[in-house]
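Asker: Just so we're aligned: 777 in our numbering is position 777 of the sequence shown, and the numbers increase by one with no gaps anywhere. Just so it is clear, CB atoms sit at the ideal spot from N, CA and C, and this is done for glycine as well. Take this structure first; my questions come after.
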Amino acid sequence: MSMQRPPNESVLSSSMSSWDCMLPGPPSKNNGGAADISDAGLLAYAAGSSVTIVDVNSMQLVFTLPLPPHPSSAGTTAAASLSPFITAVRWSPLPLPHHLLENSSSHLLLSVGDRHGRISLIDLRSKSTLLYFDTSHSSSSKLGIQDLCWIQVRPDSWALAVLSGSSLLSLYNTTTGRCFFKYDASPEYFSCLRRDPFDARHFCALGLKGFLLSVKLHGDSENDVILQELQIRADTSELQRLERDSSGNSSNNGAPALVVFPNYMVKFAFSPHWKHVIFVGFPRELVVFDLQYESVLSSAGLPRGCGKFLEVLPDANTEVLYCAHLDGKLSTWRRKEGEQVHMMCLMEELIPSIGTSVPSPSVLAVAISQSDSALQSIRKLCSDASSLDVDFDNPFDFRDESLIISKSHLISISDDGKIWKWLLTAEGSGDAQKDISKKAKVTEVGKVPVPESESSTEVMSTDDPILNALTQSDKTYSNKNHQSSPANGLEEVSFKTSLVGQLHLLSSTVTMLAVPSPSLTATLARGGNSPAVAVPLVALGTQSGTIDVIDISANAVASSFSVHSSVVRGLRWLGNSRLVSFSYTQGSEKTGGYINRLVVTCLRSGLNRTFRVLQKPERAPIRALRASSSGRYLLILFRDAPVEVWAMTKTPIMLRSLALPFTVLEWTLPTVPRPAQNKPSSSSSFLSKDRAEEAGGDGSQEEFSESFAFALANGALGVFEVHGRRIRDFRPKWPSSSFVNSDGLITAMAYRLPHVVMGDRSGNIRWWDVTTGQSSSFNTHREGVRRIKFSPVVPGDHSRGRIAVLFYDNTFSVFDLDSPDPLANSVLQPQFPGTLVLELDWLPLRTDKNDPLVLCIAGADSSFRLIEVNVSDQKMGFGPQARSVKERFRPVPLSSPILLPTPHALALRMILQLGVKPTVV
């Protein structure tokens with residue numbers, strides 16, 4: 001299948017290739033529960049405007065792919081070209097190519113639909129967009145995507161069925177991206193699409209009111225589409241009430257059901273055991289419907305107190321139905337003997353009540369893995385009856401009385417960034433299992449041949465390994481009598497749900513970012529003489545009050561601390577092992593004021609210790625925190641109140657308050673270390689002339705000094721030095737009077753001896769040498785400056801003036817102040833593709849001057865990303881460069897062979913099919 005590359009894709013791919021590390025933010029209801037598990041065990045789910053790929057076998061993050069803005073948005077403003085929420089993802093059923101000479105596309109293809117109605121086809125091997133579908137038709141413009149489904153047209157060709165807007169069904173050619181069929185079911189609201197497991201050319205679309213559209217494709221033209229309209233009777237009184245309530249909202253016109261009715265879901269699934277049978281989950285009713293006879297076979301309501309249905313998931317191993325509910329529970333339904341009637345036999349929690357926050361997280365999406373069914377079906381077909389009594393995946397199985405009949409893995413995704421892996425098992429006595437096994441074998445042997453008919457010949461080869469493995473048993477189930485069903489033995493079967501894995505990603509919307517930049521004195525307060533090392537950790541404060549610590553080397557959340565009960569509004573490192581953070585809440589209406597909460601978190605012990613605890617609310621809330629590089633001192637900035645200076649000893653001590661109208665304050669950063677420095681240098685600006693080793697282990701700070709620069713509301717500048725418990729004027733050499741311009745209030749500052757760099761609300765960048773008094777400035781022609789960050793320096797660097805500047809429009813740029821024209825030689829990134837930047841900082845892990853500079857980015861979509869800035873003597877730019885790449889650390893190797901390069905995957909498949917002959921030595 002050949003694909004057309006969209007225009008400007010080279011620009012997009014070059015930007016995306018630099019994202020070596022990215023952690024997605026938590027998914028939300030705006031993503032519509034978009035999730036899909038491939039036959040190879042890869043989970044794809046939507047998180048904001050990104051697609052996250054997880055290996056469910058090892059429960060590890062493979063990578064995250066942010067959806068880039070559409071090429072048509074090039075040249076627009078940053079806010080207008082943001083990537084919208086992804087609302088639908090679906091894996092391509094294309095198998096591995098048969099040989100390497102075939103000019104075919106990658107088998108790791110994913111179709112993605114978003115809130116603005118855009119549909120794209122992504123090659124996950126190259127992490128690039130292969131095709132943008134043509135959705136520019138007037139009737140489908142800006143209509144959000146509700147669901148996607150791959151439909152087979154020919155043995156080697158597939159089409160894509162799309163639900164967009166409230167009632168539009170479209171069929172697209174996946175080679176050209178053009179639409180060849182449309183069906184409008186207005187005023188119905190379409191809910192979901194599902195493909196028939198017995199015929200890949202057949203699929204159904206279900207509406208919220210029970211309207212069912214059965215579609216079969218015989219080609220990729222409008223005349224090759226056969227439709228059948230059906231109606232399933234259901235109670236729609238609640239939906240009618242919701243329609244009346246939303247009728248006055250003009251923004252819902254043409255919006256999909258997931259937008260208009262986010263808590264009213266109607267889902268269905270084909271039975272993997274019975275032809276023409278589907279399971280329909282209305283909000284409070286489970287219906288079994290026969291497509292061939294167009295009739296309801298059975299109906300069961302939910303008991304009182306049970307949450308509405310979220311998803312309907314049939315088990316391909318046994319005739320069991322799993323249903324997820326909006327209240328975070330999972331119900332198990334089994335078929336009654338001799339009838340198509342299902343009864344609830346188990347109810348479990350998908351969100352454990354122990355260790356969860358209050359309020360409890362919500363389950364957004366649930367999916368069941370089909371790879372277990374394929375393996376168990378192959379095992380049953382290729383092994384004798386006695387081997388079925390052993391659980392091969394359990395090394396401690398000693399043939400207990402309770403034996404596993406079948407097992408499946410279910411994945412649930414919650415809105416706190418966690419992915420849960422559940423093991424669903426059906427257990428019974430040995431007699432019950434043998435009874436089921438014998439009946440299955442007798443049914444297969446005694447199967448009565450039926451004449452060739454249209455229904456038996458219309459099933460096409462799907463190249464689906466699961467369907468191929470289940471072909472024999474599926475035909476058996478479709479032709480046998482109800483009385484010979486394996487469900488006869490389920491009376492003695494018990495069902496269990498066990499949590500077997502969890503992947504913890506970012507837990508909430510990111511509000512703060514902090515990177516450790518310890519100075520040479522960071523560990524001396526503990527009595528040691530060795531300087532603190534820069535650790536590959538980044539701390540993120542979140543909206544829910546937790547602090548997530550990211551391990552850059554593993555691209556994973558190393559630990560998460562529940563510190564505050566409200567938004568984390570400030571976060572700083574104290575050295576490389578402690579964090580200080582703050583939050584505040586408003587007092588009661590009677591007392592007024594603000595309740596400020598300051599907490600020191602120890603990463604080693606996990607303990608949270610509050611300090612500066614007051615009995616009454618304060619008049620002013622905390623505005624910001626500024627911690628010195630050594631972690632010894634902390635500045636607490638208040639809104640319209642004096643600044644407090646604290647010594648961060650084991651028990652923090654307030655040194656004094658500074659009643660000056662500060663606008664910004666910044667401590668000096670560590671200077672460049674000497675090439676062969678084994679101990680702190682006495683010539684460092686952070687140390688006094690006395691020897692560093694004289695510092696005692698009791699936390700005494702009398703022998704060390706650190707300085708911070710500040711700007712006042714009237715534009716005045718200054719530098720203070722904190723020496724032990726004393727604060728004194730640094731007495732810098734002032735710049736010329738023309739440098740201080742009162743037309744722009746200083747809003748950002750960075751300080752590394754001897755340079756102070758400032759930015760104002762007019763977009764001007766100014767820098768000043770505190771030792772010589774030299775100064776200069778230029779205008780960025782952008783909005784006001786919000787953050788300025790000095791890049792880390794190493795011995796041999798030709799420039800010490802590289803800065804990253806974050807503007808108030810949430811865009812950023814990188815400038816080199818040592819160049820003759822910083823603005824002309826800047827690296828402008830007016831818009832990080834697809835999202836805006838909330839916070840940024842440099843990662844201080846460079847050890848060689850040839851190492852790239854790495855920026856840490858906290859995006860507006862709650863994601864965390866790293867982006868490389870390659871530096872040379874001639875130019876500076878984004879993107880990868882030729883160098884040795886270190887393998888990312890993984891605690892468990894990825895076990896999915898589908899991620900191997902195509903030649904290796906083909907070789908592995910050949911080994912599994914043909915075996916390996918032993919060599920004779």
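Take residue 561 as the anchor and find which of 47, 608, 536 has the nearest alpha-carbon.
Answerer: Closest option to residue 561, Cα to Cα, is 608.
Asker: Grab me the residues of residue 62's own chain with a C-beta within less than 6 Å of its C-beta, minus the 5 sequence neighbours each way, in chain order.
Answerer: 53, 55, listed in sequence order.
Asker: The alpha helix (DSSP H) that contains residue 343, what's its start and end?
Answerer: Note, residue 343: premise wrong, no alpha helix (DSSP H); beta strand (DSSP E) at 342-349.
Asker: Quick check on the DSSP output: the alpha helix (DSSP H) that includes residue 902 runs from which residue to which?
Answerer: Unbroken alpha helix (DSSP H) run through residue 902: 902-914.
Asker: Here's a check: name, in chain order, each residue in its chain whose Cβ is nearer than 8 Å to the Cβ of residue 460, leaving out the five neighbours to either side.
Answerer: Here residue 460 scores only 42 on pLDDT, less than 50, and its place in the model should not be relied on; the value that follows carries that caveat. Once the five neighbours on either side are set aside, the close Cβ partners of residue 460 are 152, 155, 199, 200, 201.
Asker: What number of angstroms, rounded off, separates the C-alpha of residue 283 from the C-alpha of residue 237?
Answerer: In a straight line, the C-alpha of residue 283 is about 11 Å away from that of residue 237.
Asker: By Cβ distance, which residues of its chain are closer than 8 Å to residue 349, with the 5 residues on each side in sequence left out?
Answerer: So the qualifying residues of the chain are 328, 329, 330.
Asker: So what's residue 185 in DSSP terms, helix, strand or just coil?
Answerer: Coil.
Asker: What three-state label does DSSP hand residue 554 in the structure shown?
Answerer: Three-state result, residue 554: coil.
Asker: Since residue 152 sits in a beta bridge, which residues does DSSP pair it with?
Answerer: Bridge partners of residue 152: 158.
Asker: Can you check which of these residues, 324, 334, 338, is closest to residue 410 by C-alpha distance?
Answerer: Here the closest residue by C-alpha is 324.
Asker: Please state if the CB of residue 121 and the CB of residue 107 are separated by a distance shorter than 7 Å.
Answerer: For residue 107 and residue 121, no; Cβs fall outside 7 Å.
Asker: Going along the chain, which residues of its own chain have a beta-carbon closer than 7 Å to the beta-carbon of residue 228, five neighbours each way excluded?
Answerer: Cβ within range, chain order: 214.
Asker: According to the Cβ coordinates, are residue 129 and residue 113 closer than 7 Å?
Answerer: Taking 7 Å as the Cβ cut-off, residue 129 and residue 113 do not qualify as a contacting pair.
Asker: Let's see if you can read the secondary structure: which residues bound the beta strand (DSSP E) around residue 776?
Answerer: That run of the beta strand (DSSP E) goes 775-779.
Asker: Going by alpha carbons, who is nearest to residue 320 out of 494, 26, 32, 254?
Answerer: Residue 320 has its Cα closest to that of 494, out of 494, 26, 32, 254.
Asker: Residues in its own chain within less than 7 Å of residue 862 by CB, not counting five upstream and five downstream?
Answerer: Result list for residue 862: 25, 26, 48, 506, 509, 510, in chain order.
Asker: Residue 639: which of 621, 572, 649 sits nearest, CA to CA?
Answerer: Per the Cα distances, 621.
Asker: Where do the N-terminal and C-terminal ends of the beta strand (DSSP E) with residue 752 fall, by residue?
Answerer: Its beta strand (DSSP E) spans residues 746-752.
Asker: Could you round the C-beta distance between residue 815 and residue 867 to whole angstroms and report it? I think they count as a contact, below 8 Å.
Answerer: Their Cβ separation, rounded to whole angstroms, is 16 Å, which puts residue 815 and residue 867 out of contact at 8 Å.
Asker: Can you give me the start and stop residues for the alpha helix (DSSP H) that residue 257 sits inside?
Answerer: Taken as a continuous stretch (DSSP letters only), the alpha helix (DSSP H) holding residue 257 covers 257-260.
Asker: Taking the DSSP output, what are the residues bridged to residue 331?
Answerer: Beta-bridge pairing links residue 331 to 323, 347.
Asker: Could you tell me the distance, in whole angstroms, from the CA atom of residue 589 to the CA atom of residue 619?
Answerer: C-alpha separation (whole angstroms): 13 Å.
Asker: Residue range of the beta strand (DSSP E) that residue 626 falls in?
Answerer: Residues 622-627.
Asker: Work out the CA separation of residue 21 and residue 845 for me, nearest whole Å.
Answerer: Whole-angstrom Cα-Cα distance: 15 Å.
Asker: Taking Cβ to Cβ, would you say residue 163 is nearer than 7 Å to residue 193?
Answerer: Contact flag set, yes.
Asker: Under 8 Å: do the region 266-284 and the region 361-369 share three or more Cβ pairs, one atom per stretch?
Answerer: Judged by Cβ distances under 8 Å, the region 266-284 makes no contact with the region 361-369, as fewer than three pairs qualify.
Asker: For residue 109 versus residue 92, is the C-beta distance shorter than 7 Å?
Answerer: A contact, by the Cβ cut-off of 7 Å.
Asker: Run the CB neighbour count on residue 650, radius 10 Å, all protein chains shown included, and call it buried at 16 or more, exposed below.
Answerer: It counts as exposed.
Asker: Count the other CB atoms within 10 Å of the CB of residue 901; is the residue buried (16 or more) or exposed (fewer)?
Answerer: Flag for residue 901 reads exposed.
Asker: Going by the DSSP bridge assignment, what does residue 604 pair with across the sheet?
Answerer: DSSP lists no partner for residue 604.
Asker: Please state whether DSSP places residue 114 in a helix, a strand or coil.
Answerer: In the structure shown, residue 114 sits in a strand (DSSP, three-state: E or B).
Asker: Express the C-alpha separation of residue 311 and residue 257 in angstroms, rounding to a whole number.
Answerer: Each residue's alpha carbon lies about 15 Å from the other.
Asker: Residues in the same chain with beta-carbon distance under 6 Å from residue 181, minus the five sequence neighbours each way, listed in chain order, please.
Answerer: Hits under 6 Å: 171, 222, 225.
Asker: Can you tell me whether residue 865 is buried or exposed, with buried defined as 16 or more other CB within 10 angstroms of its CB?
Answerer: Its Cβ being crowded by 16 or more others within 10 Å, residue 865 is buried.
Asker: Looking at the unbroken alpha helix (DSSP H) that takes in residue 195, where does it start and where does it end?
Answerer: Premise fails: residue 195 lies in the beta strand (DSSP E), 190-196, not in any alpha helix (DSSP H).
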